[in-house]
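Heads up, the thing below is written out as structure tokens.
Encoded structure:
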């Protein structure tokens with residue numbers, strides 16, 4: 012393969028499909044050239060050269076020869092000569108990696124200028140000011156990016172200081188208004204800065220300038236910023252960047268010139284309208300710099316009618332050619348249009364949906380292609396209000412993004428106060444060191460919840476996600492003084508009643524009331540989701556614990572409930588009292604008495620859920636968390652509970668103490684509770700089956716699936732399944748009816764996965780609890796990982812946060828094993844996933860590959876999962892777990 | 012197969028190898044008959060019949076026909092007839108399962124007696140008193156075991172009450188001294204008791220008596236006691252019991268008769284001396300009942316010279332035949348010897364070793380057979396003092412058997428007090444709610460440690476095992492009031508200074524000073540161990556953290572150290588201060604300063620260990636536990652530490668709080684520490700390599716193996732291995748020498764096992780940390796399992812305690828996977844195990860099957876492991892992990 016690819020005069024050595032070799036920018040310049048679109052000629056040095064250079068730290072003779080030859084071709088195409096004092100060829104040098112990547116060297120313009128060629132440029136342009144300003148710009152850019160002179164944070168950019176001084180002295184606003192002598196002096200000062208700071212003279216030889224710039228582009232591939240960016244975005248280090256050397260065209264040659272950027276559609280809304288801005292007599296950097304207010308693109312129609320028509324035509328051509336919304340850069344040089352870049356445009360989620368939708372209507376895309384075009388993760392924006400993303404806001408503190416969306420409210424530190432303020436019509440944000448079940452009523456009315464402690468599975472996080480409510484958890488920098496009604500972070504003190512804005516999608520807290528944007532669900536969104544449903548193989552269910560959540564989930568297109576956590580039903584109001592009585596009872600009799608009070612409450616909950624899910628399956632997980640999670644921790648709560656129970660505080664404290672575990676995650680929880688206290692399983696099964704019978708009597712089509720948590724050994728499931736089935740029989744006889752139901756288990760421990768064949772002898776379904784499976788497989792407590800997991804991800808020890816995206820090499824291997832063993836034993840085995848990975852697009856792809864029947868995720872992620880599931884189908888066919 | 016097997020007159024339908032069909036007792040009666048040994052004739056109803064009976068609850072006609080036929084044969088052999096009033100045949104009916112199993116119906120003697128046949132017995136024996144007493148015994152036994160009449164606990168056995176009354180009235184000590192009219196009246200009273208309590212007449216028909224007894228034997232297979240026993244001892248329920256029906260012989264026919272039990276060698280010491288007891292004019296039950304003092308067997312030589320010679324001869328014949336020490340029962344009827352039973356004798360560990368050893372010398376066994384004869388678990392008795400097992404003692408409380416052995420001491424509640432008392436020459440037992448590193452000095456001087464909280468891996472347990480010191484942990488029934496110097500358990504209060512005896516092998520506490528037995532290590536023991544070493548394939552290493560432990564381990568035959576836990580080195584005295592400084596330092600600089608103080612201490616520790624282990628490998632694990640384990644918990648300790656560090660108590664508390672984890676087991680520990688704080692790994696590596704260089708300079712042959720803990724991802728190991736190797740290079744240059752060493756990792760997380768191929772690219776060895784691997788694979792915290800694990804084992808959900816014996820289906824599958832993946836990647840990979848399973852015989856068998864290179868266990872279990880490893884070799888050949 013050649014190292015250098017030429018493009019110009021309607022011909023190009025490469026094309027759009029060569030982006031791996033030419034980088035995105037180079038590939039598209041070549042493609043545009045081939046399409047007959049006016050692009051200044053140039054050439055691209057391939058990404059392969061980048062590796063060679065970074066190893067040897069020199070440009071090979073062969074390469075230099077190729078560059079010379081390409082330069083000769085460029086001279087021929089432009090009719091100018093590189094370094095010719097009379098008619099100089101000037102070029103821009105730009106980096107361009109296969110994937111868009113900030114943090115690398117961007118652009119050097121006007122390369123080839125020196126004291127001699129600047130005279131030639133004056134002659135070509137007939138504008139000495141323009142020529143001198145171009146020269147000034149070149150030296151400044153080169154000084155910045157090739158010599159790396161940016162100044163210390165204290166002094167600032169030394170080039171800018173010289174400029175500011177000159178403008179002050181000349182009493183002008185813009186450099187171009189300076190006189191020629193001043194411009195010349197500035198350029199000389201710039202060169203002096205370079206020689207003083209580097210000990211090297213600024214290169215006058217255009218060839219030296221060129222090789223210096225090329226080397227600088229390649230070197231910028233390995234700057235810290237670039238390396239960090241690649242690490243965070245999982246971009247392989249060996250991609251490398253290409254270098255584009257393009258003949259200069261000028262938007263700053265006078266009022267008949269200009270430059271601009273445009274989108275073929277509105278990138279905010281997706282509306283099919285040509286959208287952009289331009290400046291007359293300016294270079295691209297001026298548009299970006301914001302020193303002059305650019306004009307709306309529509310005004311070009313009057314100022315440059317011909318060029319505008321040509322631009323519209325080109326934009327339309329490019330969109331049709333690439334079958335996607337384009338983001339283009341152009342320059343008009345003395346009335347003539349040149350395209351400098353085109354690429355697929357970044358867009359908001361709303362725009363992404365609308366563009367994909369419209370392009371199907373326009374015949375540009377098939378439905379499948381449209382479904383493939385929208386990034387599922389982006390949909391989160393549509394489902395929750397967000398902070399206006401077009402504005403930057405100072406960040407007060409950052410915690411874990413525990414439950415997405417944004418909210419504004421007045422700070423309160425106490426659940427009762429939250430209720431009180433809410434009743435007075437004030438939106439509140441509940442800020443606590445950590446939350447407990449006693450805070451539930453406050454959490455329910457708060458706009459958002461913020462905690463200083465606890466992780467992504469802390470009480471606050473889990474409850475907030477269940478309610479689809481914004482939450483930032485584990486915001487460690489907060490020093491909270493709850494009784495005093497204030498918290499401190501760094502130097503700032505925030506008091507009760509102060510306004511804050513919480514962003515649960517990023518984990519950021521902001522002072523004050525920021526504006527929120529609610530993009531809502533459009534017609535186009537629903538249409539796209541329908542197409543996705545037509546494509547996907549995986550079914551999508553929701554994790555929902557209440558009738559309200561269940562309805563929400565159904566609205567979002569859930570095809571059933573994959574996880575109904577019964578424990579959350581016990582957190583509210585009086586329920587928690589009965590629950591505590593049950594836990595603290597000294598024998599089965601006492602437990603039964605307390606459970607009897609809970610039975611009608613649970614039955615009512617289940618009935619509501621069955622009604623919401625008429626015709627769809629509902630997977631109900633029996634009590635899972637360690638019992639002490641239901642017990643109070645605060646002193647006053649303990650006193651109160653002791654009074655209620657009629658025991659001394661000491662005795663209660665002792666009981667709480669005894670129930671406390673060293674590692675509750677691995678303790679007395681899940682089916683271990685039901686096995687040691689079968690009366691709990693009996694009560695819960697009875698509530699489920701009684702509710703099912705009542706619903707059935709109302710004409711509702713119920714499909715309960717009873718799920719046993721934390722099975723590690725097949726005999727645990729046998730034990731619990733027997734209790735459930737015996738209870739079902741008893742209820743059916745009492746109610747004189749029968750309901751079809753399934754009994755299955757979570758697969759959330761390595762041992763369960765490894766012995767899935769034996770478990771499948773009893774289980775009618777498996778549901779992978781990938782949260783706990785990840786915790787146990789990696790020996791990694793999600794709540795405690797904060798001190799090292801970020802470091803692991805930053806330094807690339809882990810590719811991804813394993814709690815966000817399934818660790819396919821470890822956890823995935825167990826899932827694979829379990830699916831194979833389980834299905835081999837029981838061909839009718841239903842298999843799903845209900846861990847939070849069920850809402851993560853990458854993990855959904857994996858679930859599709861494993862041949863799972865469904866994924867289940869929080870209601871607000873259901874659309875994301877539907878789209879991701881459809882994309883997974885498009886990428887390949889289900890392989891039933893290979 | 013027939014249902015009934017006859018034996019008599021030197022011929023038998025079965026033999027010793029048929030114990031599965033005939034039960035142990037029946038098989039050996041048949042075998043003795045075949046050997047020409049005098050055994051009363053009889054027949055055995057096979058175990059197969061037991062199943063049939065338990066299903067149908069009736070004896071089939073075919074079976075009854077077979078029994079009749081066998082009875083006819085028995086009549087022929089004895090010349091008597093069943094039910095014949097003139098010359099009645101009487102039989103005993105006894106159960107006999109394939110494995111010895113208490114809790115089932117044992118024996119009915121004299122079956123066939125009724126008001127008519129008793130006259131015949133009088134005629135046969137010429138002794139009416141004997142006949143009437145036999146009749147009385149029969150009705151009493153039958154009433155007890157067939158009719159199940161035992162009386163309530165309040166009233167006691169109603170038959171015994173009648174007897175006691177009669178003896179009182181007759182003013183005699185023994186029933187046989189009663190007159191014939193009285194004996195007859197007693198028997199009639201017995202029959203009345205039966206008819207009053209059951210509503211059924213006592214059966215006079217001998218055939219009814221016989222079938223009733225047979226049914227009772229079969230039914231006793233399913234009594235609660237028998238079922239519980241089988242569950243605990245993992246005996247399959249479907250074995251069933253056989254029934255032995257044997258012609259009666261009488262040791263109570265007068266002074267020329269007698270009965271006894273004997274061992275062919277001394278079951279306590281193993282000495283080759285005929286050992287046993289006998290009673291004249293008695294039946295077997297009298298020997299057991301203890302109402303008369305039996306005579307030493309040697310006195311038989313005078314009383315029954317002929318029978319005694321015959322008995323010695325028979326005993327010798329049986330021992331040679333079975334090639335094992337026998338436990339025999341015999342009866343002398345009017346001078347004629349009959350053998351009633353023979354079986355392999357139960358024996359102490361010391362006896363087991365000596366018998367196995369001696370029998371090789373005697374040519375009875377090969378060395379291999381001898382090695383196979385000793386139960387490795389039993390050796391524990393030899394290695395620790397134990398409470399005299401021949402005496403029963405009331406139990407004060409029971410906790411977890413956290414570290415074996417027994418000890419006696421005065422109760423203290425505080426480490427300083429322990430030291431003080433110890434200095435005054437008082438042995439002490441340190442009793443604490445739980446221990447912390449601050450208690451170390453007290454633990455070091457205590458005879459034993461008792462805690463109310465914490466499990467088998469709690470601080471107390473781990474430290475005690477490391478020191479080979481007796482410990483009972485998690486003794487939940489203890490209410491400890493440390494400051495008041497007392498603890499309460501049930502009603503009993505134990506105060507400071509009271510004597511208690513602690514049994515760390517059973518977990519029992521006893522009040523007072525019990526006598527301890529120290530069996531010591533004999534010549535024979537060492538010889539047996541040598542033979543074992545010659546047979547075993549697995550190497551046996553020890554887990555040892557100090558030079559003293561290392562020496563102990565070497566004494567016990569360890570072939571290296573498989574696990575040296577460096578954290579224990581930080582618990583003592585000033586070290587913990589520097590450790591705390593390190594932990595609480597706010598930056599790497601502060602940590603380095605504190606670590607610099609620890610460096611010379613660690614180096615010295617390692618040097619001592621290298622010296623102890625000259626020529627053998629030493630695997631050193633880098634810091635593993637979460638850092639907060641090193642921080643104080645008690646208020647006064649926190650105050651003291653705050654003073655030392657020059658911070659406020661509030662700040663220190665906050666720091667401790669921040670370091671506290673929800674699930675420390677899955678938290679910031681293991682290599683995660685070394686990755687976030689590389690300076691720790693650097694210090695520890697430096698200490699190891701500097702010590703190795705010094706030892707090398709002393710002419711010691713050092714083989715350090717540096718082990719990285721808690722690897723879950725191969726990149727963690729790469730990271731830490733690089734730090735270790737860089738440090739090694741630095742030290743080698745400084746010290747101007749080089750040491751060969753290995754770098755490897757613990758495999759203690761499921762993910763590590765599942766990705767062992769990638770890990771083996773870097774690792775030079777694997778060591779399975781089966782404690783943590785079990786915790787994570789089963790999702791089971793060893794410290795918290797106390798509330799449900801015992802229930803799981805009792806009810807058979809788990810076959811074994813997975814922390815004692817490797818869970819082969821789950822954890823074992825991961826080990827298998829890891830060994831295969833690892834060795835496939837790296838053929839030279841050394842693989843061992845260092846979890847506590849490394850000292851468990853069943854687990855050692857598994858390790859052998861997996862083809863591991865070595866097991867490592869606590870020093871005191873090294874001999875057990877050597878023996879178990881040899882037995883594993885004898886059972887089959889290493890299959891390299893199939």
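Chains as they are written, first to last, in my numbering: chain A, 12 to 893; chain L, 12 to 893.
Glycine included, C-beta positions come from ideal geometry on N, C-alpha and C.
- Assignment of residue 677/A by DSSP, reduced to helix, strand and coil, places it in the helix class.
- Residue 14/L and residue 59/L do touch by the CB rule: their CB atoms are close to 7 Å apart, below 8 Å.
- Under DSSP, the beta-bridge partners assigned to residue 511/L are 420/L, 522/L.
- Within the DSSP secondary-structure output, residue 704/L pairs in no beta bridge.
- Taking C-alpha positions only, residue 517/A is separated from residue 171/A by approximately 35 Å.
- Each of 773/A, 592/A, 414/A was checked against the Cα of residue 653/A, and the nearest Cα belongs to 592/A.
- In chain order, 96 place their CB closer than 7 Å to the CB of residue 127/L, counting only its own chain and leaving out the 5 sequence neighbours on each side.
- For the stretch 724-743 of chain L, the residues whose beta carbon sits under 8 Å from a beta carbon of chain A are, in order, 724, 726, 727, 730.
- For residue 293/A, same chain residues with a beta-carbon under 6 Å away, outside a window of 5 residues either side, are 262, 263, 270 in chain order.
- Of the candidates 512/A, 818/A, 734/A, 323/A, the residue whose Cα lies closest to the Cα of residue 481/A is 512/A.
- At least one CB atom of chain A sits nearer than 8 Å to the CB of residue 808/L.
- Rounded to the nearest whole angstrom, the C-alpha separation of residue 471/A and residue 239/A is 32 Å.
- With respect to residue 764/A, residue 825/A sits close: the two C-beta atoms are nearer than 8 Å.
- At a cut-off of 8 Å between beta-carbon atoms, residue 448/L makes no contact with chain A.
- For residue 676/L, the chain A residues whose Cβ falls inside 9 Å of its Cβ are 673, 674, 676, 677, 790, 792, in order along the chain.
- In the pairwise beta carbon analysis, the stretch 695-702 of chain A is classified as not touching the stretch 655-673 of chain A: fewer than three pairs are separated by under 8 Å.
- Between residue 425/A and residue 453/A, the CB-CB gap stays under 8 Å.
- DSSP places residue 457/L in no beta strand (DSSP E); its state is neither H nor E.
- Interface residue (Cβ-Cβ distance to chain L less than 8 Å): residue 848/A is not classified as such.
- By the criterion of a C-beta distance shorter than 7 Å, residue 151/L is surrounded in its chain by 170, 201, once the five residues flanking it on both sides are discounted.
- Checking the DSSP bridge columns, you'll see residue 554/L partnered with 574/L.
- Taking C-alpha positions only, residue 499/L is separated from residue 505/L by approximately 6 Å.
- Of the candidates 802/A, 715/A, 687/A, the residue whose Cα lies closest to the Cα of residue 730/L is 802/A.
- Counting along the chain, residue 868/L sits inside the beta strand (DSSP E) bounded by residues 865-868.
- Residue contact with chain A for residue 634/L: absent (no Cβ-Cβ distance below 8 Å to any residue of chain A).
- Non-local C-beta neighbours of residue 713/A in its own chain, meaning closer than 7 Å and more than five positions away in sequence, comprise 621, 703, 706, 707, 750, ordered along the chain.
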